[in-house]
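At position 157 of the sequence shown the residue is numbered 377 (the working numbering), and the sequence of numbers has no breaks. We put the CB at the ideal spot given by N, CA and C, even for glycine. Take a look at the structure set out below.
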Amino acid sequence: MLSAGNLAPYVGFTEEEVQKLAEEYHQDFNEVKRWYDGYLLKDYQVYNPRAVVSVMLRGEFKSYWSETASYDAIVPLINMNYDGLKTAIIEMLSGAEVKVNTATFKNDTVNIKNKDDVLTYMIHLGYLGYNENKKTAFVPNEEIRQELTVAVESKLR
């Protein structure tokens, strides 16, 4: 998500809510944070609700993204490797932030034409975090790092 405005604390679980859930479900909060944190919206650290609920109920730290339809949508886009997209993703997997022009994306997957469009789409889907001040994309957490690693490696085969 690029900007949640005043809705930021309602888009997902806040850090305070996740701390309470981790305590209630006997999970290590720091491990939950490492795996599922990374989305800074306005002044709130926001966690993906699906992943948090899954780890609390299953007690298993793993990626839950590959169980969603959006994963199947991004793999072909990564494999197209627009304008060095794969290189940018590998840089982000190494901890870097990559500049992205989000203004070109038309919120239409049929007309994706360049690396910035793909990165913006991935931000909208939650596969990348976005620093609104620096206009950069980044890999937000371990869950996404694992999914993107698999997606990039599928291109290498």
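Taking the alpha helix (DSSP H) that residue i falls in, what are its first and last residues?
{"i": "Q239", "result": "E235 to E244"}
{"i": "K306", "result": "L305 to L313"}
Thinking C-beta only, is residue j closer than 9 Å to residue i?
{"i": "V338", "j": "I294", "result": "yes"}
{"i": "Y267", "j": "Y256", "result": "yes"}
{"i": "G346", "j": "I364", "result": "yes"}
{"i": "N361", "j": "H344", "result": "no"}
{"i": "G258", "j": "F325", "result": "no"}
{"i": "K378", "j": "D303", "result": "There is simply no residue 378 to check, as the chain begins at 221 and stops at 377 in what is shown."}
{"i": "L348", "j": "M300", "result": "no"}
{"i": "P269", "j": "G232", "result": "yes"}
{"i": "E367", "j": "Y291", "result": "yes"}
What are the boundary residues of the beta strand (DSSP E) that residue i is part of?
{"i": "F358", "result": "T356 to F358"}
Checking the sheet assignment: what are the DSSP bridge partners for residue i?
{"i": "Q247", "result": "Looking at the DSSP assignment, Q247 forms no beta bridge with any residue, so it has no partner."}
{"i": "V266", "result": "T234 and Y259"}
{"i": "K319", "result": "T356"}
Can you name, in chain order, every residue of its own chain whose Cβ lies under 8 Å from the Cβ of residue i, other than the five neighbours on each side?
{"i": "T356", "result": "E317, V318, K319, V320 and Y350"}
{"i": "E243", "result": "F249"}
{"i": "R377", "result": "Low confidence applies to R377: its pLDDT is 45, below 50, so where it sits in the model is not reliable, and the reading given next is rough at best. Result list for R377: empty, nothing under 8 Å."}
Can you list, in chain order, the residues of its chain whose CB lies under 7 Å from that of residue i, leaving out five sequence neighbours each side?
{"i": "M276", "result": "L241, Y245 and Q247"}
{"i": "A271", "result": "Y256, Y284 and E363"}
{"i": "T340", "result": "V320, T322 and F325"}
{"i": "M342", "result": "I294 and L348"}
{"i": "T369", "result": "L313"}
Ordered along the chain, which non-local residues of its own chain (more than five positions away) have a Cβ less than 6 Å from that of residue i?
{"i": "S374", "result": "none"}
{"i": "A308", "result": "V318"}
{"i": "K354", "result": "none"}
Contact criterion: CB-CB distance below 9 Å. Does residue i meet it with respect to chain B?
{"i": "S314", "result": "The question asks about chain B, but that chain is absent: this structure has only one protein chain."}
Tell me the start and end of each unbroken alpha helix (DSSP H) in the segment 333-368 that is at least 4 residues and wholly inside, in chain order. 335-345
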